[in-house]
Each structure stands twice: as structure tokens, then as C-alpha cells.
Amino acid sequence: MTKSIWAGDDQTETLLAAARSGDDDAVNRLLEKHRAPIRRLVELRLDRKVQRRVDVSDVVQDVMIEASGRLDKYLSDPAMAFHLWLRQIAWDRIIDTYRRHRVSAKRNMDREQPMTSPGGPDQSTMELAVQLCDPGLTPAAAATQREIAAKVEAAIETLNDQDREIILMRHYEHLSNLEIAEVLGLNPPAASMRYLRAVRRLREVLQEDDQTSPTGDETLQ
1 MTKSIWAGDD QTETLLAAAR SGDDDAVNRL LEKHRAPIRR LVELRLDRKV QRRVDVSDVV
61 QDVMIEASGR LDKYLSDPAM AFHLWLRQIA WDRIIDTYRR HRVSAKRNMD REQPMTSPGG
121 PDQSTMELAV QLCDPGLTPA AAATQREIAA KVEAAIETLN DQDREIILMR HYEHLSNLEI
181 AEVLGLNPPA ASMRYLRAVR RLREVLQEDD QTSPTGDETL Q
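When you line the sequence shown up against UniProt numbering, it's residues 1 to 221, in that order.
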């Protein structure tokens with residue numbers, strides 16, 4: 001299973017403690033340690049068309065600069081885990097970048113959030129596709145898995161905003177249920193129920209697609 005892009009460790013806590021004590025080098029190391037996860041999030045969630053207009057590295061740098069400027073306030077009163085705080089800054093920057101570069105005023109902002117980086121289904125999509133298809137499907141059926149993965153991406157696009165968002169957080173950012181609950185301001189049982197509802201709806205969409213397809217794929221459950 002793919003690890004969370006925000007995987008934390010003891011080093012992060014050590015750097016946070018040092019940064020809190022005024023160690024400027026620790027601040028730099030802390031932010032640099034999270035540069036790659038921030039970039040991954042931007043690549044995952046910023047509209048592909050916008051990514052053709054802006055440099056992802058510039059968006060990441062903007063996040064780093066803003067985080068650096070706001071770090072002292074966070075350290076004095078950390079209301080959430082550091083990686084979730086950084087994620088929120090990055091998410092706000094993604095939305096702002098889209099609004100400044102959106103390709104069509106007629107399209108809804110919240111529906112302009114890609115699931116994967118450009119180039120087709122990634123490992124996250126493939127893993128989700130495997131969960132949603134016949135568990136007996138062998139690795140040799142890679143072409144079939146890729147076809148199902150493409151259907152999964154298309155199906156996710158049809159979900160309502162709440163269902164779509166929790167699927168992306170769980171299967172593309174690989175956040176835990178507790179982390180998702182914190183991001184969404186829900187208690188863990190409510191977050192779990194929302195996730196299960198989203199998965200159920202995703203299965204329904206895939207089944208509907210299978211039934212209407214001229215070459216209905218029997219592997220979808």
C-alpha cells in the first residue's frame with residue numbers, strides 16, 4: 001500500500017522543538033523536509049490545465065514562503081499536526097492559483113481539482129481500482145487494471161464534492177481517518193461514515209457504467 005505523502009517521524013518533532021527554541025537552521029531543515037510532500041500535493045490537486053500555465057515549483061515556493069512567515073504563530077499555538085497545518089497552507093495556495101489562472105469562468109472552482117499528476121492513472125489510482133475490482137484478478141491482467149483505473153478516475157469526477165474530496169484525501173494523499181477527521185472538522189466515526197458512503201457511491205457509479213458499456217466488464221463489483 002502506498003504510504004502517506006505526509007508521513008511523519010521523530011525527526012519532525014525534534015526539528016519542531018528546536019525551531020520553537022529559536023534555532024533558525026532547524027526551521028530551514030523543517031521546511032525543506034516537507035518540500036517534496038508539498039510538491040506532490042500540488043501536482044495531485046492543481047488542475048492539469050493550470051499546471052500548463054504555471055510552474056509547480058513556483059507554487060511550492062510560495063507555500064514555503066508563507067509557511068515560514070506564519071511558523072512562529074503556529075509554534076506558539078499548534079492547533080493541529082504540523083503536516084496538516086502545512087497542507088492547509090498548500091491547499092489555500094492551490095485554490096488561489098487556480099482562481100488566478102482558471103481556464104474558464106463557467107466551470108466550478110471546486111470541480112477543478114485533478115486526482116493525479118498528468119500522464120494517466122498513477123499508483124494510487126491503480127491501488128484503488130484493485131480494491132474495487134475482482135480480488136481474484138491476477139497481476140498479469142495489468143492492461144485490465146489500467147482500464148479499470150481509467151474508469152475509476154472518470155467515476156470520481158462524477159461524485160459530489162464531499163464524496164470526491166474524501167476519496168482523494170484517503171486514496172491519493174493517503175491521509176488516515178483521524179487526519180481526515182481533523183481536516184474536515186468531523187469526529188472520527190463521522191469521517192469514517194462519510195468515507196464509506198463515498199466508496200459505496202463510487203461503486204454504484206462504476207456499476208452503472210459497466211451496465212451501460214457495450215463491453216460490460218464483469219470484474220467490477
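Note that CB positions come from ideal geometry on N, CA and C, so glycine has one too.
Could you pull the start and end residues of the alpha helix (DSSP H) that residue i belongs to?
{"i": "I89", "result": "82-101"}
{"i": "Y74", "result": "56-76"}
{"i": "R52", "result": "Per DSSP, R52 belongs to no alpha helix (DSSP H) and is neither H nor E."}
{"i": "H171", "result": "161-171"}
{"i": "A18", "result": "10-20"}
{"i": "I38", "result": "35-45"}
{"i": "A79", "result": "It is not in any alpha helix (DSSP H) - A79 carries neither H nor E in the DSSP assignment."}
{"i": "I180", "result": "177-184"}
Return yes when the Cβ of residue j is within less than 8 angstroms of the Cβ of residue i, no when it is not.
{"i": "P188", "j": "L178", "result": "yes"}
{"i": "I180", "j": "M169", "result": "yes"}
{"i": "E182", "j": "M80", "result": "yes"}
{"i": "V199", "j": "T158", "result": "no"}
{"i": "L30", "j": "A19", "result": "yes"}
{"i": "V59", "j": "L46", "result": "yes"}
{"i": "I166", "j": "R194", "result": "yes"}
{"i": "H171", "j": "L128", "result": "yes"}
{"i": "Y74", "j": "W85", "result": "yes"}
{"i": "K151", "j": "D72", "result": "no"}
{"i": "S4", "j": "L175", "result": "yes"}
Given a threshold of 16 other Cβ atoms within 10 Å of its Cβ, counted over all protein chains shown, does residue i qualify as buried or as exposed?
{"i": "S124", "result": "buried"}
{"i": "T97", "result": "buried"}
{"i": "Q11", "result": "exposed"}
{"i": "I65", "result": "exposed"}
{"i": "A67", "result": "buried"}
{"i": "P37", "result": "buried"}
{"i": "R93", "result": "buried"}
{"i": "A154", "result": "exposed"}
Taking the straight line between their C-alpha atoms, what separation do you get for residue i and residue j?
{"i": "R102", "j": "Q51", "result": "10 angstroms"}
{"i": "L15", "j": "I148", "result": "42 angstroms"}
{"i": "D163", "j": "L202", "result": "9 angstroms"}
{"i": "G69", "j": "A26", "result": "15 angstroms"}
{"i": "R88", "j": "V54", "result": "Per the sequence shown, residue 88 should be read as Gln rather than Arg. Each residue's alpha carbon lies about 20 angstroms from the other."}
{"i": "E32", "j": "R48", "result": "25 angstroms"}
{"i": "T13", "j": "F82", "result": "It is worth fixing the name first, because residue 13 is Glu in this sequence and not Thr. For E13 and F82, the distance between alpha carbons rounds to 9 angstroms."}
{"i": "R35", "j": "N28", "result": "11 angstroms"}
{"i": "D77", "j": "T144", "result": "50 angstroms"}
{"i": "D9", "j": "D24", "result": "20 angstroms"}
{"i": "R197", "j": "S21", "result": "44 angstroms"}
{"i": "A191", "j": "Q61", "result": "31 angstroms"}
{"i": "D161", "j": "Q207", "result": "20 angstroms"}
{"i": "R146", "j": "G185", "result": "35 angstroms"}
*Per the contact definition of three or more C-beta pairs closer than 8 angstroms, is the region 86-97 in contact with the region 40-54?*
yes
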